[in-house]
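Line by line, the protein sequences give chains V and X.
With this note's numbering applied, the first sequence has no gaps in its numbers, which climb one by one up to 47 at the end.
With this note's numbering applied, the second sequence has no gaps in its numbers, which climb one by one up to 242 at the end.
Worksheet for the structure shown next.
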Amino acid sequence: MQKLYSYQKSKSEPLKPKESTIEFLLSYSKALSVMKYKKLAFDTILN
Amino acid sequence: MKKIETTTDATLVRQYLDGSEDALSKLINRHQQRIYNFIFSKVFDRDITEDIFQDTFIKVIRTLKRGKYNEEGKFLPWVMRISHNLVIDYFRKNSRMPKFEGSEDFNIFSVLGDPALNAEKQIIKDQVETDVKKLIDELPEDQKEVLYMRLYKDMSFKEIAEQTNVSINTALGRMRYAIINLRKMVEKNNIVLTN
Numbered sequence: 001m002q003k004l005y006s007y008q009k010s011k012s013e014p015l016k017p018k019e020s021t022i023e024f025l026l027s028y029s030k031a032l033s034v035m036k037y038k039k040l041a042f043d044t045i046l047n
Numbered sequence: 048m049k050k051i052e053t054t055t056d057a058t059l060v061r062q063y064l065d066g067s068e069d070a071l072s073k074l075i076n077r078h079q080q081r082i083y084n085f086i087f088s089k090v091f092d093r094d095i096t097e098d099i100f101q102d103t104f105i106k107v108i109r110t111l112k113r114g115k116y117n118e119e120g121k122f123l124p125w126v127m128r129i130s131h132n133l134v135i136d137y138f139r140k141n142s143r144m145p146k147f148e149g150s151e152d153f154n155i156f157s158v159l160g161d162p163a164l165n166a167e168k169q170i171i172k173d174q175v176e177t178d179v180k181k182l183i184d185e186l187p188e189d190q191k192e193v194l195y196m197r198l199y200k201d202m203s204f205k206e207i208a209e210q211t212n213v214s215i216n217t218a219l220g221r222m223r224y225a226i227i228n229l230r231k232m233v234e235k236n237n238i239v240l241t242n
């Protein structure tokens, strides 16, 4: 029986970062707070 | 018709600095593919690309939150430069250039090989050769002579016979006894002659 090769989809997928990486970055951004004291800046990660 | 994105990067950066986390999400979504492809084109490894991508945006977030970003309107080139620097750091840390690893179907190292012996194998080879020479020296003179001519001078048995003034059969016999005697000495002294 003839095979329908035309229905095969291309396996190549665009290169993109993982969803978990993006989620981590957004969570990191929410958690990070920078406190400034005179010329100094302190990073704080809030849970 | 597709809606054209009108919010500029500079506006989103300003919104983010004003506390809008959504603006950061938009910035990442807008540029993720380009930055990810840029990193991947340098390192050719998905996991390393993922790490460098993450580190890039951690640096972006920290710089923005510290209020040190002052390149308004040039957000993407700035992020690209950060990722470029991190790629350089990665190669510096690993002190190597991008390498071709091949895929599961094809491995370049099955085609390419290093024919030279490594230091250990060279030492073993030298040791084996020294042992063989010592053993040959223990052979009777007539057998030693034939063996040297055959193996080290690559002479034919006809040439050996002519040079030693014996028949070819005698030369063959001496060679045979030389090898038998060498085997006996190897077995007797438990010498390992393998590389």
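All C-beta atoms, glycine included, are put in the ideal place defined by N, C-alpha and C.
As the structure is a computational prediction, the values presented were derived from the model and not from experiment.
Can a CB atom of chain V be found closer than 9 angstroms to the CB of residue i?
i                : result
Met168 (chain X) : Here residue 168 (chain X) is Lys; the residue named in the question, Met, does not match the sequence. No, its Cβ sits nowhere closer than 9 angstroms to a Cβ of chain V.
Gln80 (chain X)  : yes
Ile135 (chain X) : no
Asn76 (chain X)  : yes
Can you check whether the CB of residue j is closer than 9 angstroms to the CB of residue i?
i                : j                : result
Ser130 (chain X) : Ile99 (chain X)  : yes
Ser33 (chain V)  : Ile45 (chain V)  : yes
Thr53 (chain X)  : Lys73 (chain X)  : no
Gln80 (chain X)  : Asp69 (chain X)  : no
Ile75 (chain X)  : Leu25 (chain V)  : yes
Lys191 (chain X) : Asp184 (chain X) : yes
Val60 (chain X)  : Tyr137 (chain X) : no
Arg128 (chain X) : Asp43 (chain V)  : no
Leu71 (chain X)  : Lys106 (chain X) : no
Glu206 (chain X) : Met196 (chain X) : yes
Ala225 (chain X) : Val193 (chain X) : yes
Mind pulling the chain V residues with CB within less than 7 angstroms of residue i?
i                : result
Tyr83 (chain X)  : Leu15, Lys16, Pro17
Phe91 (chain X)  : In chain order: nothing, as chain V lies at least about 11 angstroms away.
Phe104 (chain X) : Leu25
Glu176 (chain X) : Residues of chain V passing the Cβ test: none, with the nearest at roughly 54 angstroms.
Ser72 (chain X)  : Leu26
Phe100 (chain X) : Pro17, Thr21
Just confirm the distance between the C-beta atoms of residue i and residue j, as a whole number of angstroms; I'd bet it's less than 8 angstroms.
i               : j               : result
Thr96 (chain X) : Phe87 (chain X) : 4 angstroms
Lys84 (chain X) : Leu15 (chain V) : One point to set straight first is that residue 84 (chain X) is Asn, not Lys, in the sequence displayed. Between Leu15 (chain V) and Asn84 (chain X) the Cβ distance is about 5 angstroms, and since that is below 8 angstroms, they are a contact.
Between residue i and chain X, is there a C-beta pair that is closer than 9 angstroms?
i               : result
Leu25 (chain V) : yes
Ser46 (chain V) : In the sequence as presented, Ser is not what sits at residue 46 (chain V); that position holds Leu. It does not: the Cβ of Leu46 (chain V) has no partner Cβ on chain X nearer than 9 angstroms.
Tyr37 (chain V) : no
What residues from chain X crowd round residue i, counting only those whose CB sits closer than 7 angstroms?
i               : result
Ala56 (chain V) : Missing from the structure shown is residue 56 (chain V); chain V here goes from 1 to 47 and no further.
Output, in chain order, the set of chain V residues within a Cβ distance shorter than 9 angstroms of residue i.
i                : result
Ile108 (chain X) : Leu25, Tyr28, Ser29, Leu32
How about the segment 215-225 of chain X and the segment 165-179 of chain X: do they share at least three Cβ pairs that are nearer than 8 angstroms? With the cut-off at 8 angstroms, the segment 215-225 of chain X and the segment 165-179 of chain X do not touch.
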